[in-house]
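Student: I have a structure here, written as structure tokens, and I will follow up with some questions on it.
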Amino acid sequence: MKGVIFNVFEDCVSREFGPDTWEELLDEANLLGAYTSLGNYSDDEFDALLRAVAARQGKTQADALRWFGESAMPILKERFPQLFANYASSRNFVLAVNTIIHPEVRKLYSGANCPNFRFKETESGSLFMGYESSRKMCDLAHGFIVGASKLWCEEVNITHHTCMNHDDDKCLMEIQWQR
Amino acid sequence: MAALNRQGADPGPETDLNLRLLKAQNRFQRERTARLEAESIAEKGLRDLYEKQRQLELLGVIATQANQSHSVEEILRFTLEAICQHTGWGFGHVFRINPNNPDMLVSALIWFAEPGTNVSDFAEEACARNFPKGVGLPGRVLETGKALWIADVTKDPDFPRWKAAERSRLHAGFAFPVLVSNDIVAVMEFFFRGAVEPNESMLSIMSQIGTQVGRVVERQQLEDKLVHDATHDPLTKMPNRLFFMGRLERAVAVHCLRPDSRFAVLFIDLDRFKLVNDSLGHTAGDTLLREISARLMAVLDEEAVKSAAVVTLARLGGDEFTVLLEEMQHDLVATDVADRVQDELGRVIEIDGQEVYTSASIGIASSETAHENAADLIRAADLAMYRAKTEGRARVEIFDASLHQAAMQRLALETDLRGALRRGDFILHYQPIVNLHSNEIVGFEALIRWRRNGGEFVSPLEFIGLAEETGLIVFIGAWVMREALATLAKWQGEGPENANLTMSINVSFKQFHQPDFLESVVMAITASGVHPSTVRLEITESVTIRDADKTVEILKSLRALGVRVSMDDFGTGYSSLSYLHKLPFDTLKIDRSFVMALQQESGGREIIRTILALAQSLRMEVVAEGAETVAHVDELREMGCGYAQGYFFSRPLDEPDALRLLNGQRFSSRDLARLEASRA
Chain A
29 MKGVIFNVFE DCVSREFGPD TWEELLDEAN LLGAYTSLGN YSDDEFDALL
79 RAVAARQGKT QADALRWFGE SAMPILKERF PQLFANYASS RNFVLAVNTI
129 IHPEVRKLYS GANCPNFRFK ETESGSLFMG YESSRKMCDL AHGFIVGASK
179 LWCEEVNITH HTCMNHDDDK CLMEIQWQR
Chain B
4 MAALNRQGAD PGPETDLNLR LLKAQNRFQR ERTARLEAES IAEKGLRDLY
54 EKQRQLELLG VIATQANQSH SVEEILRFTL EAICQHTGWG FGHVFRINPN
104 NPDMLVSALI WFAEPGTNVS DFAEEACARN FPKGVGLPGR VLETGKALWI
154 ADVTKDPDFP RWKAAERSRL HAGFAFPVLV SNDIVAVMEF FFRGAVEPNE
204 SMLSIMSQIG TQVGRVVERQ QLEDKLVHDA THDPLTKMPN RLFFMGRLER
254 AVAVHCLRPD SRFAVLFIDL DRFKLVNDSL GHTAGDTLLR EISARLMAVL
304 DEEAVKSAAV VTLARLGGDE FTVLLEEMQH DLVATDVADR VQDELGRVIE
354 IDGQEVYTSA SIGIASSETA HENAADLIRA ADLAMYRAKT EGRARVEIFD
404 ASLHQAAMQR LALETDLRGA LRRGDFILHY QPIVNLHSNE IVGFEALIRW
454 RRNGGEFVSP LEFIGLAEET GLIVFIGAWV MREALATLAK WQGEGPENAN
504 LTMSINVSFK QFHQPDFLES VVMAITASGV HPSTVRLEIT ESVTIRDADK
554 TVEILKSLRA LGVRVSMDDF GTGYSSLSYL HKLPFDTLKI DRSFVMALQQ
604 ESGGREIIRT ILALAQSLRM EVVAEGAETV AHVDELREMG CGYAQGYFFS
654 RPLDEPDALR LLNGQRFSSR DLARLEASRA
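Quick look at the structure:
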């Protein structure tokens, strides 16, 4: 996993719980914690930190991941404003994830292993999003979408019709923006 | 901290610790900021490098494909997809220049949409709309010749398709020209879901891609031109033989599969085209051909609509045109079309102020004609045309099996004719020319006879035309001259009374116009040893028509040598009396048809009288041909005709018989009476 994720995670934790909490989490997770954005680090380190945050928050890991995704959005927007410019809605932003956001991420972080989403727009306005990854991080995507909607001051409902974390082959989320 | 210590009291261990902590935090923050900045610099550098590499990769992929591709459509499709995939832009589309208006772009109906994107509204609009120069994204590219980027087309004041773009949720757009040299042949445009600020480095790569794609277009244009030039006639811009044969072969193949699909071939040959070319010059001939082509095209367009047949018109070469009629509803279509063509070509054509009348001989062969391939059908139509021509021109003939039979016979005749000289199948016969006042033989006319393969005699009427067409006449004519002069030399050597005996030798059109004709005459005379004044070359009027100045020059040279020249078959050709006096003939030969007409009330007598008066005023001698009866001879003599030849005196004889006749010399009155009695 790219170092930049750890950096953003650190920012989220520090903003929510103060700067010392990250140090404590690192201690709890028994990690050295020197992360540079361009470096590559083990997914296990991220999982350990997530477990520590979940424990501290009294949440499930899934909820902690959603919290991280949602809190990360404003930080990502500060850090990469050009990725957020030019979208009229969070829906457009979400739809651009495969075609512009992830390609941009790959440009910045060579070798980044970004997931590919499948989108299908329905007549009723819902957006179905399919996800498949050995990381099973559909909850991070969930959090990102909620965070993005907040950036555009929009309300969104997300339903997980199938989920790899509940023994399904793939995840299928239905995203509904309120008009 | 040391300075503080020196100036003030000891702040105490707790305060000192806070101060150090503060400083450490500052240092940490500074380091963190520096790290973020270093990361950001590294990220930007890597991003630029990555982008550049990807762009070069894209350019490389397209350049490679451009090197291999032979189809413009193929490279356009490839490029659309490659650009969409490399850039992530969801929709690409191509405009091409309207062939009838270089300032208008029309959709090439070639587009690409990333799977999963629903841009059908915009794709439909892109394919339907035309863009004049200067209007919209593609029109502006056409105007400036430069790539253009619009950050958000839905907010652009000059993007007519903005509503469709909005419906398809497309915002950013760029377009670039496909260039051949400096000419724009197409404009490619791409669109993206979000708004994107212009990226100059990407636009620059796109411009280079436009040039690469242009190379394929240029190659295709050159290939198309080569193929077009190879299959079209440069003078009339019509399809040529190669093109026509291709179509005909296809028609033959289709007919093979679907015997009910009928087609016909018309072989059109202009009558008297050569006359126009020779008399008015090649430029006029070319003008005539262009005019004829335009008329043919117009009338065939009409006929195609009327008969619902598929029509292909081609110029095979010279004054030969062919028409292929396919999908004919009935066989009469072919003759209808042929009749219409003749009507149209029959109207007067004005060339350089001259009124020219032309007509066409047309041969028709249909898919019902027995054939194995396209060449058989063309040959059949050609044969039918040939029949039309020989049957009096301006006619339409339909191929039938008897034509084929005749053609085969002709081919056999030609084969035998080619070997005849070598085999010594030709012999000369001699017909005496008699002085009507003294009844003495003054000379002979040499007449060729062909004993085909050593067997039966073939009439000169049957083979002289063929010898003319094949050019064999030149060799045959040269042999006749050598042979006749050798005979003359022999006869003159028989006695002093024969010293002035003359030999008349027919010279054909082709022979006369050989560049070395004069030389060959001199050589033949020299070789034989006869005096040039005893040689009479007989030339028909038609020989003199082509290039009158040259004819006069050759005739004068012959006269200067002392050779005498006769105009053969006078009164049957085209020459006008007005220029007869320019031609230095010394003898006119009255055609047999006028002599035959003497006993009828059809004006033969008046014509002969006129010719005799004309000859007298031009100081020419006159020889009448075809004198068959004593009445002919008496009347000719009475009218003042000096010489005659014909069956009354003698049919053409072989050399020994002719010599015997000569040795008998003069025809006495008793001889003449006997001759008359024997004929009666």
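The listed protein sequences derive, respectively, from chains A and B.
Heads up, the first sequence is in the working numbering, so the first residue is 29 and it goes up one at a time.
Heads up, the second sequence is in the working numbering, so the first residue is 4 and it goes up one at a time.
For glycine and all other residues, C-beta sits at the position ideal for the given N, C-alpha and C.
Remember, predicted model here, so these are calculated numbers, not experimental data.
1. Would you report the Cα separation of isoleucine 614/B and valine 302/B, rounded to the nearest angstrom?
2. Which partner residues does histidine 235/B have in the DSSP bridge list?
3. If you measure beta-carbon to beta-carbon, which residues of the stretch 102 to 135 of chain A are closer than 7 Å to chain B?
4. Taking the alpha carbon of tyrosine 650/B as the reference point, which residue from His635/B, Glu658/B and Glu375/B has its own alpha carbon closest?
5. Can you pull out the residues from the stretch 35 to 68 of chain A whose beta carbon lies closer than 7 Å to at least one beta carbon of chain B?
6. Give me the Cα-Cα distance between tyrosine 115/A and glutamate 226/B, rounded to the nearest whole angstrom.
7. With distance defined between alpha-carbon atoms, name the residue in Val546/B, Val255/B and Met484/B nearest to leucine 583/B.
8. In chain A, which residues lie with their C-beta within 7 Å of the C-beta of valine 199/B?
9. With a cut-off of 8 Å, do at least 3 Cβ pairs link the stretch 204 to 217 of chain B to the stretch 160 to 175 of chain B?
10. Looking at chain A, which residues of the stretch 84 to 104 of chain B have a Cβ within less than 9 Å of any of its Cβ atoms?
11. Consider the Cβ of glycine 119/B: report whether some Cβ of chain A lies at a distance smaller than 8 Å.
12. To the nearest angstrom, how far is the alpha carbon of isoleucine 113/B from that of leucine 79/B?
13. So, at 6 Å on beta carbons, what are the nonlocal neighbours of asparagine 503/B in its own chain, with the 5 sequence-adjacent residues on each side left out?
14. Buried or exposed, going by whether 16 or more other CB atoms sit within 10 Å of the CB of glycine 139/B?
15. Run down chain B in chain order and give the residues with a C-beta less than 8 Å from the C-beta of serine 138/A.
16. In chain B, what lies closer than 8 Å to phenylalanine 147/A by C-beta?
17. Can you name, in chain order, every residue of its own chain whose Cβ lies under 8 Å from the Cβ of glycine 142/B, other than the five neighbours on each side?
18. Considering only the beta carbon of each residue, do serine 296/B and methionine 241/B sit closer than 8 Å?
19. Under DSSP, the beta strand (DSSP E) around threonine 543/B begins and ends at which residues?
20. Can the beta-carbon of glutamate 287/B be found closer than 8 Å to that of isoleucine 354/B?
21. In terms of residue numbering, what span does the alpha helix (DSSP H) encompassing histidine 285/B cover?
22. In whole angstroms, what separates the C-alpha of valine 32/A from that of tryptophan 50/A?
23. Here's a check: name, in chain order, each residue in its chain whose Cβ is nearer than 8 Å to the Cβ of valine 184/A, leaving out the five neighbours to either side.
24. Quick check: is the beta carbon of histidine 231/B nearer than 8 Å to any beta carbon in chain A?
25. So, are the CB atoms of glycine 574/B and isoleucine 610/B less than 8 Å apart?
26. Smallest Cα separation from asparagine 3/B: which of Val525/B, Gln68/B and Lys493/B?
27. How big is the Cα-Cα spacing for glutamine 357/B and glycine 321/B?
28. What's the call for threonine 393/B, buried or exposed, on a 16-neighbour Cβ count within 10 Å?
29. Could you pull the DSSP bridge partners for cysteine 199/A from this structure?
30. Measuring alpha carbon to alpha carbon, tell me which of Asp48/A, Asp197/A, Cys166/A and Ser70/A ends up nearest threonine 187/A.
31. Take phenylalanine 276/B and list the residues in its own chain whose beta-carbon comes closer than 6 Å to its own, dropping the five residues that flank it on each side.
32. Just to confirm the assignment, what range does the alpha helix (DSSP H) spanning tyrosine 389/B have?
33. Measuring straight from C-alpha to C-alpha, what distance separates alanine 92/A and lysine 47/B?
34. Output, in sequence order along the chain, the residues in the stretch 166 to 200 of chain B whose CB is closer than 8 Å to any CB in chain A.
35. Would you say arginine 38/B lies against chain A (beta-carbon separation less than 8 Å)?
36. For lysine 592/B, write down the residues that DSSP places opposite it in a beta bridge.
Tutor: Let's see:
1. When rounded, the distance between both Cα atoms is 47 Å.
2. When DSSP reads this structure, histidine 235/B sits in a beta bridge with Pro242/B.
3. For the stretch 102 to 135 of chain A, which is checked against every Cβ of chain B, the residues closer than 7 Å are Asn114, Tyr115, Asn120, Leu123, Ala124, Thr127, Ile128, Pro131 and Lys135.
4. The residue with the shortest Cα to Cα distance from tyrosine 650/B is His635/B.
5. For the stretch 35 to 68 of chain A, the set of residues with a beta-carbon nearer than 7 Å to any beta-carbon of chain B comprises Thr64, Ser65 and Leu66, in chain order.
6. For tyrosine 115/A and glutamate 226/B, the distance between alpha carbons rounds to 47 Å.
7. Scanning Val546/B, Val255/B and Met484/B for the CA closest to the CA of leucine 583/B turns up Val546/B.
8. Near valine 199/B (Cβ distances below 7 Å), the residues of chain A are Asn114.
9. These segments do not touch.
10. So the list reads Thr90, Gly91, Trp92 and Gly93, given in the order they occur along the chain.
11. Judged by the 8 Å Cβ criterion, glycine 119/B is in contact with chain A.
12. Those two C-alpha atoms are separated by around 8 Å.
13. In the same chain as asparagine 503/B, and ignoring 5 residues on each side of it, no C-beta atom comes closer than 6 Å to its own.
14. Taking a 10 Å sphere around the C-beta of glycine 139/B, we find 16 or more other C-beta atoms and assign the residue as buried.
15. Using a Cβ-Cβ cut-off of 8 Å, serine 138/A is close to Leu49 and Tyr53 of chain B, given in chain order.
16. Neighbours of phenylalanine 147/A across chain B, judged by C-beta separation under 8 Å: Gly119.
17. Excluding sequence neighbours, glycine 142/B sits near Leu108, Phe134, Pro135 and Lys136.
18. Taking the C-beta atoms as reference points, methionine 241/B is found nearer than 8 Å to serine 296/B.
19. It spans 538 to 543 - the beta strand (DSSP E) in which threonine 543/B sits, taken as one unbroken run.
20. Per the sequence shown, residue 287/B should be read as alanine rather than glutamate. Yes, the pair counts as a contact, with Cβ atoms nearer than the cut-off.
21. 285 to 310 is the span of the alpha helix (DSSP H), which, as asked, contains histidine 285/B.
22. Cα-Cα distance, rounded: 15 Å.
23. Cβ neighbours of valine 184/A within its own chain (closer than 8 Å, five residues either side excluded): Ser118, Ile173, Val174, Ser177, Ile203, Gln204, Trp205 and Gln206.
24. Taking Cβ atoms only, chain A never reaches closer than 8 Å to histidine 231/B, which makes this a no.
25. Yes.
26. Any answer about residue 3/B is impossible in this case: the structure gives chain B only from 4 up to 683.
27. Straight-line Cα distance between these residues: approximately 21 Å.
28. Classification for threonine 393/B: exposed.
29. Residue pairing by DSSP places cysteine 199/A opposite Tyr159/A in a beta bridge.
30. If you compare the alpha carbons of Asp48/A, Asp197/A, Cys166/A and Ser70/A with that of threonine 187/A, the shortest gap goes to Cys166/A.
31. Answer for phenylalanine 276/B: Asp322, listed in chain order.
32. Run containing tyrosine 389/B: 377 to 393, per the alpha helix (DSSP H) assignment.
33. Between alanine 92/A and lysine 47/B, the C-alpha separation is close to 31 Å.
34. The stretch 166 to 200 of chain B vs chain A, Cβ under 8 Å: Arg172, His174, Ala175, Phe195, Arg196, Gly197, Ala198, Val199 and Glu200.
35. Yes - at least one Cβ of chain A is within 8 Å of the one on arginine 38/B.
36. Per DSSP, Val626/B.
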